[in-house]
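As given, the protein sequences belong to chains A, B and C, one line each in that order.
Taking my numbering, the leading residue of the first sequence gets 15, the next gets one more, and so forth.
Taking my numbering, the leading residue of the second sequence gets 479, the next gets one more, and so forth.
Taking my numbering, the leading residue of the third sequence gets 125, the next gets one more, and so forth.
Every residue gets a Cβ at the ideal spot worked out from N, C-alpha and C, and that includes glycine.
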Amino acid sequence: MKARCCDKLVTAWAWLSGLVLTASVATLLGFLLTKGAGTLSPALFFGDTVPLDALLLKRQVFEGIFPATVGTLLLVGLAVGMAVPVGIATGIYMAEFAAPRTKAVFGLFFDILAGIPSILVGLFGFSAAIFLHHHFSGQITPCLLISALSLAFLVLPYLIRTTQTTLENLPRHVRMTAPALGASKLQTIFYVLLPQSLSGIVSGIILSIGRCAEDTAVIMLTGVVATAGIPASLLSGYEALPFYIYTVSAQYADQAELMRGYGAAIVLLAVCALLFALTAFIRHRLADHLLYGAR
Amino acid sequence: MTRIGRSLYGRISISILTLLLIGVAPAVADDLSPFAGQAGTIKISGGTAHIPVMKAAAKQIMQRFSDVRITIAGGGSGVGIKQVGEGLVDIGNSGRKPTDEEITKYDLKMFKWAIDGVGLVVNPKNTVASLTTAQTKAIFAGSIHNWKAVGGADKAINLYTRDTASGTRSVFWKKALGKGEISAKANVVVSNGAMKAAVANDPYAIGYVSVGHMDESVQPVALDGVTPTLETVKSGEYKIARGLYSNTKGEPTGLTKTFIDFLFSETGQGLAAAKGFIPVK
Amino acid sequence: MRSQGLVQGLLAVAAAGSVAVTVLIFGFMIVLGLPLVTSGTFFNLFTSSWLPNEGLYGIVPMMAGSLFIAGLAMIFSFPLSLGCAALVAVLAKGRVPALLHRLVRFMTGIPTVVYGFAGIFLLVPVVREWTGSGSGMCILSASLLLAILIAPTMILFFTDSFTGVPKSYLAAADALGATPVQKFLHVVIPCSWRGLTTGVLLALGRAVGDTLIALMIAGNATAFPGSLLDSARTLPAHIALVVAADFDSLEFRTLFACGILLYAFTTLTVVLTRRMVADKGGAP
């Protein structure tokens, strides 16, 4: 009897938890989607500027989220572009070349880096920018380049970890075949191991892209501004979607701007959903295809 | 020919219209024409009250001259002054006059292009529309904490204040509160726009905001009988006023100078008036 | 052979560089925060209130804000996550586990700022009306939203450790006639305590380090919070707000003290987590 009651309570609690979680997320996202669905149109992106002119960068866009979208794209591209070579190289080193002691110590540092709150990375970027401004060149201010560098530091641990884990989890027979045929260690890594790990590494890259696209704390301190248009150079201020959403939520001037905020939130959600779908696709399809040939 | 063109009356109207346009258009074009041939970036940051005017000016300039870029950030008057002093931006806006210490430390040149007031606001649903200075001081210090003590509903007063970098805050603190205490329990918001949004969304809120920012979403509160509006600030009846300054490090040159001159031009002053401030000219 | 040395060298440089970044961040905090110690205000940080106009830079209210908001979020989120993980790994059949698992994985990708945006316009007015007092921007609202934010981290960890329980143990329990719930309570949970602890530690680290939820929703008052419905400020939100202050002032330097506190806390959670994983090498 007692066991049955206990059983029922626990099962009820588990189902309730699932329900509460699903309902919360559905409510939050549903609220955004219903409020903002009406704003999705070229006007959301381009305001009253002709779309073609804006895309060709002939005219600036006001009252639209196009500059913020471009800013985010540039930021992500730069940050991931800087982090990927270093992260993958470090991951390969950790998985293939590092001695056990080194691996343990470095591993600790990378875990710490992964755990650092993003606001601290932002504070570091800001302080470094001011330091460089005073001591190297008055041209350096918090800007696109500093933000991209800071974001690169932020996502570095994800890249290292996914590369290292994927390489380490490759089956033993994959590791042993190439050397048995006379390949050197380098040849094994670059011609056999890396291609086999591609899906894991690409998943890591996509994770980093998502992280860079959604981060607000780092860019708030390192150079994003409320109004900047399309950035003219790496050393200029820029706009970004997450910061746009944050600014609108705190200080929207009128209903039109608030609606644009909803629209921007939906756009950012859509970007993240797309990245999520991409990761799932890669995990299910690409891995199979590479490891076992066409299916 | 159109029907209007056929009649004499129509032709005279068109001629008068054309003459008017020819007469007016040069005035607008003239104010912006100093930008012709110039290229570069103007970095602006600081006072949040200035932002609507900055944005409108930037839009007009950038739409005509694609080689000119203007970036605008907020942060508050303290940020504006510090950043322009450190050379991080070209123009630092402040909603208060920079202190003598700041002027000498950073070699600031100040340009006051509008006058604004700072007024108390509550939610439009709030029945309280008037407060005395003593009541205001007590509310912000936290000693009065229910609306019924000042004639409103029996609900707790939700205080909103600005961050310490804010010029709006420093003007309000000095002139309205007489440097009295602001309760540490108050919610902190980071700009005039944020204050407006916060008070508009909370039925029991009270805060202070730039008069230029006030619109139908918030209700101004009369202080000692004087409601903060454009007219009362202009006439001097409402005492809590401040200038809107744009500061540069040293004398402005080049593109920065052109922009500052534009703020004082007819178009620029028109923009300030349109956004709810009092132009100085 | 020489090229192997060269490549290995390059890879090692990359790794060393990555380590250097971690150390550099910590180093910057210490060096830039040093004036606090030399000017003698260091102990004020932990004793006084935050009154920069009077030269008092106490960050205790912010530490309390962080503690209360993260703590309350964990209290809400832990049972929720445990229940969901139980549902996914053990108790439900058919399509439900896979769907819920996919939803949870999707949730990890939702930007924090989007949660905050929905929170400001949906959650804050609701909390204000339900509790009847306060502005709705308080510890309670921030904790509720933060709980939803960190739940996926815990759920994924819990689920992984639940599915990692040796099948032989489950088979043995079945043979003795245990119901699924009895298996869950008496076999699965005791076996997965390491995964549970890791998940909790990582989620706690995430909760303490999160900036936006508290910045947008908790009100940012500088007073020591007295109740759940009080406005409060966390350490990361404090950094975001004060970074606008004069860079050379003591006020700004206190940010580095906040930074060191946060850095130390997350390092502690990381070290503890690694301990958990390392010990697992032996018998479960």
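Under DSSP, Trp591 of chain B shares a beta bridge with no residue.
Put simply, of B:Gly525, B:Glu729, B:Asn725 the residue whose alpha carbon is nearest the alpha carbon of Asp594 of chain B is B:Gly525.
Its chain contains Arg547 as the residues whose beta carbon lies nearer than 6 Å to that of Thr519 of chain B, once the 5 sequence neighbours on both sides are disregarded; these appear in chain order.
Note: Ala356 of chain C is bridge-paired with C:Gly343 in the DSSP secondary-structure output.
Distance from the CA atom of Leu88 of chain A to the CA atom of Ala246 of chain A, rounded to whole angstroms, is 12 Å. For the pair Gln178 of chain A and Gly224 of chain A, the Cα-to-Cα distance works out to about 20 Å. Among the CB atoms of chain B, one or more fall inside 8 Å of the CB of Phe76 of chain A.
Taking one beta carbon from each stretch, the region 130-141 of chain C and the region 150-169 of chain C have fewer than 3 pairs nearer than 8 Å; the two do not touch. Proximity to Val135 of chain A across C:Ile234, C:Ala302, C:Thr335 peaks at C:Thr335, based on C-alpha coordinates.
Across the set A:Val100, A:Ala264, A:Leu46, A:Ala37, the C-alpha of A:Val100 shows the shortest separation from the C-alpha of Ile215 of chain A. Minimum Cα-Cα distance from Arg574 of chain B among the listed residues B:Leu609, B:Leu655, B:Lys590 corresponds to B:Lys590. With contacts defined by Cβ atoms closer than 8 Å, Gly685 of chain B and Met673 of chain B form a contacting pair. The region 231-246 of chain A makes no contact with the region 242-255 of chain C: fewer than 3 CB pairs, one atom from each, lie closer than 8 Å.
Looking at the backbone, the Cα of Gly343 of chain C and that of Ala275 of chain C are separated by about 23 Å. Annotation: Gly728 of chain B has no Cβ neighbours in chain C at a cutoff of 8 Å; minimum Cβ distance is about 20 Å. The residue from C:Ala345, C:Thr378, C:Val143, C:Leu326 with its alpha-carbon nearest to that of Leu396 of chain C is C:Leu326.
Membership of Leu637 of chain B in the beta strand (DSSP E) is indicated by the continuous run 636-640. For Tyr686 of chain B, the enclosing beta strand (DSSP E) begins and ends at 683-688. Asp568 of chain B sits close to Thr734 of chain B, with the two beta carbons spaced by under 8 Å. In this structure Thr53 of chain A is in contact with Tyr276 of chain A, their Cβ atoms being roughly 6 Å apart against a cut-off of 8 Å. Straight through space, the alpha carbons of Lys626 of chain B and Asp632 of chain B are spaced by roughly 5 Å.
Contacts with chain A at 8 Å (Cβ-Cβ) include Met340 of chain C.
Here the region 285-302 of chain C makes no contact with the region 377-397 of chain C; the two share fewer than three CB pairs at distances below 8 Å.
Per the C-alpha coordinates, the member of B:Gly721, B:Pro730, B:Gly597 positioned closest to Lys759 of chain B is B:Gly721. Pro235 of chain C sits in coil when the DSSP states are folded into three classes, being neither helix nor strand. By alpha-carbon distance to Ile130 of chain A, the top candidate from C:Leu273, C:Gly329, C:Thr358 is C:Gly329. Between Phe650 of chain B and Ile550 of chain B, the CB-CB gap reaches or exceeds 8 Å. In this structure, Val628 of chain B keeps its C-beta atom at 8 Å or more from the C-beta atom of Leu598 of chain B. Our two residues, His623 of chain B and Glu715 of chain B, have alpha carbons roughly 29 Å apart in a direct line.
Chain A places a beta carbon closer than 8 Å to that of Met231 of chain C, counting this residue as a contact.
About 24 Å separates the Cβ atoms of Gly728 of chain B and Ala527 of chain B, ruling out a contact at the 8 Å cut-off. Val239, Ala240, Thr241, Ala242, Gly243, Ala246, Ser250, Gly251, Ala264, Gln265, Tyr266, Ala267: these are the residues of the region 235-268 of chain A whose beta carbon lies less than 7 Å from some beta carbon of chain B, given in chain order.
Against chain C, a Cβ distance below 9 Å from Asp680 of chain B picks out Val248, Pro249, Arg252, Ser259, Gly260, Met261. When the beta-carbon positions are compared, Gly182 of chain C and Leu196 of chain C stay at least 8 Å from each other. By the rule that beta-carbons nearer than 8 Å mark a contact, Ser688 of chain B does not touch chain A. Beta-bridge annotation (DSSP): Tyr723 of chain B is paired with B:Ser572, B:Lys590.
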